[in-house]
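S.K.: Just dropping this structure here.
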Ligand SMILES: CC(C)(COP(=O)(O)OP(=O)(O)OC[C@H]1O[C@@H](n2cnc3c(N)ncnc32)[C@H](O)[C@@H]1OP(=O)(O)O)[C@@H](O)C(=O)NCCC(=O)NCCS
């Protein structure tokens, strides 16, 4: 497997990147159409950067990075690994590539949002406003292996939540990690 610039890849690889946004997500849900996914790939390549994990001409996964706060913060978005290649360290390698590149571009903070639009965690379907810190403190997976567990494994911590970001009772979970060495 090699990790390389997605933007420099031929159309056949970029097409796989687009399809993966539609087919590679379950909980949270993916992009609803190839058109929306195509726009997303183009947006990430135009505004930031993206890396592909490749095995010959097969795309195993990809990750994007987008600047925020004049480039002091870089958002990890999106990240997806082929379902049949998960739990083999590809996601971890892609995140490491994202972090290296974002740090080179001046990041002080790496950040991301991981939606709970499918009832995967303790903060879905509840009134978060009654005690936001308590809900963050008590955040746990409900048995679906929500990706916040993956990011936590990689050193990211929950820095906030956005109630109803994906509809009533469907929040987004904000996680960050310091880029300062
Ligand atoms: C989340 C995702 C990118 C992880 O990729 P991956 O290649 O399977 O992850 P890795 O094999 O590099 O895992 C790194 C570590 O995290 C753990 N991990 C990975 N996914 C996990 C999950 N869903 N729940 C708990 N732990 C997880 C692994 O066991 C491994 O642990 P280790 O430190 O003991 O080795 C992948 O499951 C995916 O593409 N999911 C669908 C898309 C998605 O949800 N993207 C994120 C949206 S914000």
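Numbering (this note's numbering), first residue to last: -7 to 173.
The C-beta atom is built at its ideal place from N, Cα and C for all residues, glycine as well.
Bear in mind that the values here come from a model prediction, so they are computed numbers and not experimental data.
(1) Quick check on the burial criterion: 16 or more other C-beta atoms within 10 angstroms. Buried or exposed for residue 52?
(2) Who are the Cβ neighbours of residue 128 in its own chain at under 7 Å, not counting the five residues just before and after it?
(3) Measuring CA to CA, which of 111, 91, 136, 160 is closest to residue 42?
(4) Considering only heavy atoms of ligand 1, does any lie closer than 7 Å to the CB of residue 145?
(5) Roughly how many angstroms separate the alpha carbons of residue 165 and residue 25, rounded to a whole number?
(6) If we count the other Cβ atoms within 10 Å of its Cβ and call it buried at 16 or more, is residue 69 buried or exposed?
(7) For the structure I just gave you, are there three or more beta carbon pairs, one from the segment -6 to 6 and one from the segment 47 to 62, closer than 8 Å?
(8) Does ligand 1 have even one heavy atom less than 7 Å from the beta-carbon of residue 153?
(9) By the 10 Å Cβ neighbour count, where 16 or more other Cβ atoms means buried, how is residue 107 classified, buried or exposed?
(10) Only counting runs of 3 or more residues, tell me where the beta strand (DSSP E) segments fall wholly within the segment 117 to 168, in order along the chain.
(11) Smallest Cα separation from residue 160: which of 115, 98, -1?
(12) How big is the Cα-Cα spacing for residue 18 and residue 62?
(13) So residue 170 and residue 101 are in contact, right, with Cβ under 8 Å, and what is the actual spacing, rounded?
(14) Thinking just about the alpha-carbon of each residue, which of 72, 155, 105 is nearest to the one in residue 11?
(15) Output needed for residue 155: all residues of its chain with C-beta closer than 8 Å, excluding positions within five of it in sequence on either side, in chain order.
(16) Can you give the Cα-Cα distance for residue -5 and residue 81, rounded to whole angstroms?
(17) Just mark residue 132 as buried or exposed, buried being the case when its beta carbon has 16 or more other beta carbons within 10 Å.
M.R.: This is what the structure gives:
(1) Residue numbering aside, residue 52 sits at position 60 when the chain shown is read from its first letter. With 16 or more other Cβ atoms within 10 Å, it is buried.
(2) Locating residue 128 in the chain shown gives position 136, counting from the first residue. Apart from sequence neighbours up to five positions away, the residues of its chain that approach residue 128 with a beta-carbon distance below 7 Å are 150, 153, ordered along the chain.
(3) Along the chain shown, read from residue 1 onward, the residue named residue 42 stands at position 50. Distances from the alpha-carbon of residue 42 to those of 111, 91, 136, 160 put 91 closest.
(4) Taking the first residue of the chain shown as position 1, residue 145 is located at position 153. Residue 145: yes, Cβ under 7 Å from ligand 1.
(5) As a working note, residue 165 is residue 173 in the chain shown. As a working note, residue 25 is residue 33 in the chain shown. Each residue's alpha carbon lies about 24 Å from the other.
(6) As a first step, residue 69 must be located in the chain shown, where it is residue number 77. That one is buried.
(7) By the Cβ test, the segment -6 to 6 is in contact with the segment 47 to 62, since at least three Cβ pairs between them sit closer than 8 Å.
(8) In the chain shown, counting from the first residue as 1, residue 153 sits at position 161. No, the beta carbon of residue 153 sits no closer than 7 Å to any heavy atom of ligand 1.
(9) Residue 107 sits at position 115 when you count from the first residue of the chain shown. Within a 10 Å sphere around the beta-carbon of residue 107 sit 16 or more other beta-carbons, which makes this residue buried.
(10) Restricted to the segment 117 to 168, the beta strand (DSSP E) segments that are unbroken, complete and at least 3 residues in length are 149 to 154, listed in chain order.
(11) Residue numbering aside, residue 160 sits at position 168 when the chain shown is read from its first letter. Check the Cα spacing between residue 160 and each of 115, 98, -1: the tightest is with 115.
(12) Taking the first residue of the chain shown as 1, we reach residue 18 at position 26. Taking the first residue of the chain shown as 1, we reach residue 62 at position 70. Take the alpha-carbon of residue 18 and the one of residue 62: they are about 32 Å apart.
(13) Here residue 170 refers to the residue found at position 178 when the chain shown is read from its first residue. Here residue 101 refers to the residue found at position 109 when the chain shown is read from its first residue. Their Cβ separation, rounded to whole angstroms, is 6 Å, which keeps residue 170 and residue 101 in contact under 8 Å.
(14) By one-based count along the chain shown, residue 11 stands at place 19. Nearest in C-alpha terms to residue 11, of all of 72, 155, 105, is 72.
(15) Here residue 155 refers to the residue found at position 163 when the chain shown is read from its first residue. 120, 121, 163.
(16) As a working mapping, residue -5 is identified with position 3 in the chain shown. As a working mapping, residue 81 is identified with position 89 in the chain shown. For residue -5 and residue 81, the distance between alpha carbons rounds to 12 Å.
(17) Along the chain shown, one-based indexing puts residue 132 at 140. Burial is judged here by how many other beta carbons sit within 10 angstroms of a residue's own beta carbon; residue 132 has fewer than 16 and is exposed.
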